[in-house]
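Student: Mind looking over this structure? Questions follow.
2 protein chains.
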Amino acid sequence: MNKSGSLIVISGPSGVGKGTIIPYVLKKVKRLKVSISATTRKPRNTEVDGVNYYFISKEKFNSMIENDEFYEYVNVLDNSYGTPKKQVDDLLAKGYDVILEIETIGAEKIMNEYKCVSIFISPPSFSELKNRLINRGTETQEQIELRMKKSEKEMNSVYSYDYVVINDDIEDCAEKIACIIRAERLKVKSSKAFINKIINS
Amino acid sequence: MNKSGSLIVISGPSGVGKGTIIPYVLKKVKRLKVSISATTRKPRNTEVDGVNYYFISKEKFNSMIENDEFYEYVNVLDNSYGTPKKQVDDLLAKGYDVILEIETIGAEKIMNEYKCVSIFISPPSFSELKNRLINRGTETQEQIELRMKKSEKEMNSVYSYDYVVINDDIEDCAEKIACIIRAERLKVKSSKAFINKIINS
Chain P
80 MNKSGSLIVI SGPSGVGKGT IIPYVLKKVK RLKVSISATT RKPRNTEVDG
130 VNYYFISKEK FNSMIENDEF YEYVNVLDNS YGTPKKQVDD LLAKGYDVIL
180 EIETIGAEKI MNEYKCVSIF ISPPSFSELK NRLINRGTET QEQIELRMKK
230 SEKEMNSVYS YDYVVINDDI EDCAEKIACI IRAERLKVKS SKAFINKIIN
280 S
Chain H
80 MNKSGSLIVI SGPSGVGKGT IIPYVLKKVK RLKVSISATT RKPRNTEVDG
130 VNYYFISKEK FNSMIENDEF YEYVNVLDNS YGTPKKQVDD LLAKGYDVIL
180 EIETIGAEKI MNEYKCVSIF ISPPSFSELK NRLINRGTET QEQIELRMKK
230 SEKEMNSVYS YDYVVINDDI EDCAEKIACI IRAERLKVKS SKAFINKIIN
280 S
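Line order of the protein sequences matches chains P and H.
Under the working numbering, residues 80 to 280 are what the first sequence spells out, in order.
Under the working numbering, residues 80 to 280 are what the second sequence spells out, in order.
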């Protein structure tokens with residue numbers, strides 16, 4: 080069986096809305112799943128273990144690093160985030176495309192090491208990004224200033240990606256990402272089994 | 080001004096339905112035009128000069144070849160077809176994406192010589208393609224057999240293209256092509272001016 084989906088890396092500056100958009104994309108596209116990251120940070124209000132993240136201890140995280148069980152892992156503001164390999168590989172083998180929603184540093188690692196489709200979500204402007212972080216209300220003023228400096232760096236990594244989508248309107252942004260995923264499935268290199276069937280018909 | 084659209088090559092075996100699908104695509108996507116080819120063949124029933132083709136004499140066609148006025152030209156079953164450069168270049172300069180609907184031999188020339196997005200339209204099977212040629216009723220039995228042999232050759236060129244779309248249902252096929260064109264516009268390499276604006280915001 081040579082049934083295998085594509086890795087789809089979705090990244091962008093902190094606060095751009097990656098986590099909000101992806102459920103909309105999942106509703107629009109069949110045969111698509113999102114990878115659940117492991118993190119050592121505390122859950123935010125509405126977050127559920129095993130749904131939003133696997134919330135694990137620093138000890139468990141370190142043992143997974145030692146056992147090479149992550150596609151990538153990264154430390155962001157005192158917390159660690161990682162993409163567990165097994166869960167993603169199982170889905171790819173079943174023919175699902177799998178979205179990895181990751182910070183830009185982790186995304187760079189994946190893009191350098193694995194075949195993937197990469198999508199950068201951009202804010203319409205930096206002032207809009209700052210407003211969103213303030214409205215989220217989960218960070219202090221100092222943390223927001225720190226994040227904004229980081230966001231400017233993160234924005235510069237956009238040139239490493241295949242696609243860039245502006246998050247101006249959630250529904251529109253999700254439709255554009257869905258369109259990218261559908262178009263990628265129509266690439267000749269993704270359709271070889273099907274083409275051979277027609278040629279031999 | 081650095082405003083420039085993309086060349087979009089749409090090809091596939093004779094009779095696959097390229098000419099039928101493209102008007103549907105044009106309705107779905109803004110800022111998109113189709114190039115009008117010049118040909119020496121006689122108009123079919125409903126075809127209009129300057130809309131479906133520029134119907135020109137063999138003498139005129141040859142003088143355009145001599146003056147290097149074609150992107151590509153090709154002879155198909157005693158007739159000549161060519162893509163006039165000027166009309167396409169004017170539209171690209173205005174920021175339109177321009178579809179070139181061309182036979183596979185002309186498409187290969189364009190793909191080798193110019194930066195373009197290439198889409199191959201495939202029949203669901205060869206038997207379906209034969210049925211369509213019979214139903215079109217414009218060719219003799221002998222011409223159909225000749226076309227089918229050519230179609231098998233044409234089908235093998237699919238691997239030179241970026242994308243392949245099966246024409247099983249016109250509306251579905253047109254939507255897929257529209258999706259490819261929208262996704263191509265979201266590529267980072269197509270969005271540099273916009274990205275710079277955000278980074279400098």
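Glycine is no exception: its CB is placed at the ideal position from the N, C-alpha and C atoms.
Model, not experiment: these values are computed from the prediction.
When you compare each of H:Ile-87, H:Ser-159, H:Pro-163 and H:Gly-94 to Lys-228 of chain H by their alpha carbons, which one comes out closest?
Tutor: Walking along the second sequence from the start, residue 228 of chain H turns up at place 149. The shortest C-alpha separation from Lys-228 of chain H is found at H:Gly-94.
Student: Identify the continuous alpha helix (DSSP H) that holds Glu-231 of chain H and give its terminal residues.
Tutor: Taking the second sequence and counting its residues from 1, the one referred to as residue 231 of chain H is at position 152. 220-235 is the extent of the alpha helix (DSSP H) around Glu-231 of chain H.
Student: Using 8 Å as the cut-off, can you tell me whether the stretch 201-209 of chain P makes contact with the stretch 94-112 of chain P, which would need three or more C-beta pairs spanning the two stretches below that distance?
Tutor: Touching, yes, given that three or more Cβ pairs across the two stretches are closer than 8 Å.
Student: Kindly indicate which residue of P:Lys-139, P:Cys-252 and P:Lys-173 has the alpha-carbon position closest to the one of Arg-110 of chain P.
Tutor: Looking up residue 110 of chain P in the first sequence gives position 31. Among P:Lys-139, P:Cys-252 and P:Lys-173, the Cα nearest to that of Arg-110 of chain P belongs to P:Lys-173.
Student: If the cut is a Cβ gap below 7 Å, which residues of chain P does Ala-186 of chain H touch?
Tutor: Taking the second sequence and counting its residues from 1, the one referred to as residue 186 of chain H is at position 107. The contacting residues do not exist; Ala-186 of chain H stays about 13 Å from chain P at best.
Student: Would you mind telling me which residues of chain H sit closer than 8 Å to Phe-134 of chain P, beta carbon to beta carbon, in chain order?
Tutor: Taking the first sequence and counting its residues from 1, the one referred to as residue 134 of chain P is at position 55. Chain H residues near Phe-134 of chain P: none, gap ~33 Å exceeds 8 Å.
Student: Rank P:Arg-120, P:Ser-197 and P:Lys-165 by C-alpha distance to the C-alpha of Ser-236 of chain P and give the top, closest one.
Tutor: If you number the first sequence from 1, residue 236 of chain P lands on position 157. Per the Cα distances, P:Ser-197.
Student: In angstroms, rounded to a whole number, what distance separates the CA positions of Ile-213 of chain P and Gln-166 of chain P?
Tutor: Position 134 of the first sequence holds residue 213 of chain P. Position 87 of the first sequence holds residue 166 of chain P. One C-alpha to the other measures close to 34 Å.
Student: Could you name the residues of the same chain whose beta carbon sits closer than 6 Å to that of Tyr-240 of chain P, not counting the 5 residues immediately before and after it, in chain order?
Tutor: Within the first sequence, numbered from 1, the residue matching residue 240 of chain P stands at position 161. Answer for Tyr-240 of chain P: Ser-197 and Phe-199, listed in chain order.
Student: Can you give the beta carbon distance from Asn-246 of chain H to Ile-100 of chain H, rounded, assuming they're within the 8 Å contact cut?
Tutor: Here residue 246 of chain H is taken as the residue at index 167 of the second sequence, counted from 1. Here residue 100 of chain H is taken as the residue at index 21 of the second sequence, counted from 1. Confirmed, Cβ separation roughly 6 Å.
Student: With 16 as the cutoff for other CB atoms within 10 Å, does Phe-273 of chain P come out buried or exposed?
Tutor: In the first sequence, the residue the question calls residue 273 of chain P occupies position 194. It is exposed - the Cβ of Phe-273 of chain P has fewer than 16 other Cβ atoms within 10 Å.
Student: Hey, would you say the C-beta of Ala-272 of chain H is under 6 Å away from at least one heavy atom of the ligand ATP?
Tutor: This structure does not include the ligand ATP; it has no bound ligands of any sort.
Student: Does Ile-181 of chain H come within less than 7 Å of chain P when only Cβ atoms are used?
Tutor: Residue numbering aside, residue 181 of chain H sits at position 102 when the second sequence is read from its first letter. With 7 Å as the cut-off, Ile-181 of chain H does not count as an interface residue toward chain P.
Student: Kindly list, in the order they appear in chain P, the residues whose Cβ is closer than 8 Å to that of Ser-270 of chain H.
Tutor: Here residue 270 of chain H is taken as the residue at index 191 of the second sequence, counted from 1. Going along chain P in sequence order, the residues near Ser-270 of chain H (Cβ under 8 Å) are Val-243.
Student: Please report how far the alpha carbon of Val-130 of chain P lies from the alpha carbon of Tyr-103 of chain P, in whole angstroms.
Tutor: Along the first sequence, one-based indexing puts residue 130 of chain P at 51. Along the first sequence, one-based indexing puts residue 103 of chain P at 24. Their Cα atoms are separated by approximately 15 Å.
Student: Over the uninterrupted alpha helix (DSSP H) stretch that includes Gly-174 of chain H, give me the two end residues.
Tutor: Counting from one through the second sequence, the residue named residue 174 of chain H turns up at place 95. Neither: Gly-174 of chain H is in no alpha helix (DSSP H) and is coded neither H nor E.
Student: Using the C-alpha atoms, what's the distance from Ala-257 of chain P back to Glu-254 of chain H?
Tutor: Locating residue 254 of chain H in the second sequence gives position 175, counting from the first residue. Locating residue 257 of chain P in the first sequence gives position 178, counting from the first residue. Their Cα atoms are separated by approximately 13 Å.
Student: Taking C-beta to C-beta, are Val-88 of chain H and Leu-179 of chain H nearer than 7 Å?
Tutor: In the second sequence, counting from the first residue as 1, residue 88 of chain H sits at position 9. In the second sequence, counting from the first residue as 1, residue 179 of chain H sits at position 100. Against a cut-off of 7 Å, the Cβ pair of Leu-179 of chain H and Val-88 of chain H comes out as a contact.
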